[in-house]
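The block underneath contains the structure these notes are about, expressed in structure tokens.
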Amino acid sequence: MVEELVAVGVTLGSLGAVYAMAAARVIKQYERGVVLRLGKLQSTVRGPGFTMIVPMVDRLHRVNMQIVTMPVPAQDGITRDNVTVRVDAVIYFKVMDAAEAVVEVEDYRFAVSQMAQTSLRSIIGKSNLDDLLSNREKLNQGLELMIDSPAIGWGVQIDRVEIKDVSLPETMKRSMARQAEADRERRARVINADAELQASKKLAEAAHEMSEEPAALQLRLLQTVVAVAAEKNSTLVLPFPVELLRFLERAQQAVPQQAVPQQPQGNAEPGKPSISGAEGAEVGELDPSAGSRSGQD
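When we follow this note's numbering, the leftmost residue of the sequence shown carries the number 1, and every step to the right adds one.
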């Protein structure tokens, strides 16, 4: 009799230990437990620590309450200004209501991933290329609102969305590089022209001041010689007086204005044309022959 009672006690103890092992659950600090009893949601969400469920009746779902970092696969799209781009992003979200995350959506991670991909495609189609490259903060906020609207009903809160990279075709990269180079060159030319304008004004003022004092020009010339001599080079500087150059210039301008008049050659009678030296020589040679012929006659 005693042996039978001992055997029954051991059996019950074994069954109790097995039941306790089957019913015991440990929930971590960053998790919450959602219990479905015979398929019905229990109102109490189990907190972290040790908890018990009814084996074969209750089913415990652990929900991670940490912030989840999920990369969004790169999406190909055409921007509003007809440029083909490839954009990828990263999304940060966390579960705010564990019960809704289990009941309202089959797999909240997959749902958030698909929603992020479709929203990213929509953002690409609504934006220009310049906005994707330079105005990302505004696009990130718009993308966050697009994903957060349906995710609220799933008990999920979108913490942040960031566009990681925008890939462009090689032809577009070369075109943008040429555009940037042309813009830089234009700005450099404008700056150089502005500098030339300012320098010309200062030089005009300096020339005006030096014209009043001729010795200032000589001093400036000597300063230039000193500056060139300070450099270790083979340049030879010969100062040349500016007054001499002006004298030579005036003399060159005065030469074409002096015209020398031509005087007539020989003593020509009034009203008769003058005979040049060559013509006189020809006449002199013809006179003897003419005289001889008259003598024979």
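Every residue gets a Cβ at the ideal spot worked out from N, C-alpha and C, and that includes glycine.
Cβ neighbours of G142 within its own chain (closer than 7 angstroms, five residues either side excluded): I123.
Residue state for R32 is assigned as strand, using DSSP reduced to three classes. Looking at the DSSP output, I78 bridges to T84. The segment 126–142 makes contact with the segment 65–79, as at least three CB pairs between them are under 8 angstroms. Between V8 and I91 a beta carbon distance of about 59 angstroms is seen, past the 8 angstroms cut, so the two are scored as non-contacting. Annotated three-state conformation of S167 is strand, per DSSP. Looking from the CA of G155, the closest CA among L222, A177, A99 and F247 belongs to A99.
Taking the CA atoms as reference points, R32 sits about 22 angstroms from P150. A distance of 7 angstroms or more separates the beta carbons of L219 and M210.
About 5 angstroms separates the Cβ atoms of L36 and R59, confirming a contact at the 8 angstroms cut-off. Taking all protein chains in view, the Cβ of I158 is crowded by 16 or more other Cβ atoms within 10 Å, so the residue is classified as buried.
Residue range A24 to I27 is occupied by the beta strand (DSSP E) that includes I27, with no alpha helix (DSSP H) assigned at that position. Distance from the CA atom of M172 to the CA atom of V85, rounded to whole angstroms, is 10 angstroms. A straight-line Cα-Cα distance of about 18 angstroms links Q198 and R186.
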